[in-house]
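The next block holds one structure in the form of structure tokens; read it before the comments.
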Amino acid sequence: MKKKDVLLVIGMQVDMLPGGALEVPGGAELIPIINDLMGEFEEVIAANFCLPPGHLSFAGNHPWRKPGQVVSVNGVDVELEIMYCVQDSFGAAFPPGFAVDRISHIVEMAAEEDAIPHSAFFDTGNPRSTGLKEYLSSMPVKKLYLCGMPFDPIVVNTAIDAKKLGYEVEVLKSACRMRQPQRLNEMLNMLEANGIAVN
Numbered sequence: 001m002k003k004k005d006v007l008l009v010i011g012m013q014v015d016m017l018p019g020g021a022l023e024v025p026g027g028a029e030l031i032p033i034i035n036d037l038m039g040e041f042e043e044v045i046a047a048n049f050c051l052p053p054g055h056l057s058f059a060g061n062h063p064w065r066k067p068g069q070v071v072s073v074n075g076v077d078v079e080l081e082i083m084y085c086v087q088d089s090f091g092a093a094f095p096p097g098f099a100v101d102r103i104s105h106i107v108e109m110a111a112e113e114d115a116i117p118h119s120a121f122f123d124t125g126n127p128r129s130t131g132l133k134e135y136l137s138s139m140p141v142k143k144l145y146l147c148g149m150p151f152d153p154i155v156v157n158t159a160i161d162a163k164k165l166g167y168e169v170e171v172l173k174s175a176c177r178m179r180q181p182q183r184l185n186e187m188l189n190m191l192e193a194n195g196i197a198v199n
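This is how it looks when you write it as structure tokens:
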């Protein structure tokens with residue numbers, strides 16, 4: 001079977017866009033960019049945040065805590081957030097105008113209350129595979145291309161995990177957006193240290 005390039009689209013959801021609970025600056029700009037990209041790939045996978053209402057990273061689930069404070073979940077330090085991308089909510093949906101029909105498969109990140117988002121491959125806290133590793137292993141992958149948000153650190157962590165799993169990886173930087181742009185050099189250094197191409 002002929003190997004194929006795969007596009008992995010991370011976090012293209014309403015809550016990541018302007019007015020969303022966890023707005024990523026410039027997120028709306030990605031809709032036409034990624035729509036065009038998806039047309040170039042035979043296989044497009046979306047990795048979506050899909051947190052249950054009782055998720056342990058939500059500040060509202062910890063009495064007397066607020067977003068930005070850090071708590072320990074199964075031995076992992078977790079910075080608390082407001083509720084975002086809650087399962088079956090509008091905020092977890094793909095945004096209007098996004099070419100959903102071009103997506104071949106969807107994996108869900110942080111779908112259990114104690115599963116902390118780490119990458120499109122794995123959650124931490126309650127270590128869990130999102131199913132992406134298993135899905136990719138069912139096909140001959142030539143190269144994995146990454147785009148989406150937040151670049152810091154979910155896209156970067158995904159690239160590093162993919163590299164560790166033996167995939168050739170390229171991050172499409174112009175098709176990514178960051179929550180904290182001041183961390184750009186830090187993130188790029190992490191990718192470079194792991195031998196990951198950035199375009």
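Here the sequence shown stands for residues 1 to 199, where the numbers follow our numbering.
Even for Gly, the Cβ is constructed at its ideal location relative to N, Cα and C.
The model shown is predicted, which means the values in this text are computed figures rather than measured ones.
{"Check": "Quick check on Asn194: does DSSP put it in helix, strand or coil?", "Outcome": "coil"}
{"Check": "Going by CA-CA distance only, name the one from Leu172, Glu112, Lys142 and Leu191 that's closest to Asp5.", "Outcome": "Lys142"}
{"Check": "Take the Cβ of Met1 as the centre, count every other Cβ of all protein chains shown within 10 Å, and call the residue buried at 16 or more, exposed below.", "Outcome": "exposed"}
{"Check": "List the endpoints of the continuous alpha helix (DSSP H) containing Asp36.", "Outcome": "Leu30 to Met38"}
{"Check": "Taking only three categories from DSSP, how would you classify Tyr167?", "Outcome": "coil"}
{"Check": "Between which two residues does the beta strand (DSSP E) holding Lys4 run?", "Outcome": "Lys4 to Ile10"}
{"Check": "Using 8 Å as the threshold, is the C-beta distance between Ala46 and Met16 below it?", "Outcome": "no"}
{"Check": "So the candidates are Pro153, Glu40, Ile196 and Ala162; which of them puts its Cα closest to the Cα of Met187?", "Outcome": "Pro153"}
{"Check": "Which same chain residues end up closer than 8 Å to Thr158 when comparing Cβ atoms and leaving out the 5 residues on each side of it in sequence?", "Outcome": "Leu8, Ile10, Ala47, Ser119, Ala120, Phe121 and Leu146"}
{"Check": "Lys133 by DSSP, collapsed to three states: which one?", "Outcome": "helix"}
{"Check": "With Arg102 and Gly39 assumed to form a contact (beta carbons below 8 Å), what rounded beta-carbon distance in angstroms separates them?", "Outcome": "7 Å"}
{"Check": "Less than 8 Å between the CB atoms is what I'm expecting for Leu80 and His62, so what's the real figure, rounded?", "Outcome": "7 Å"}
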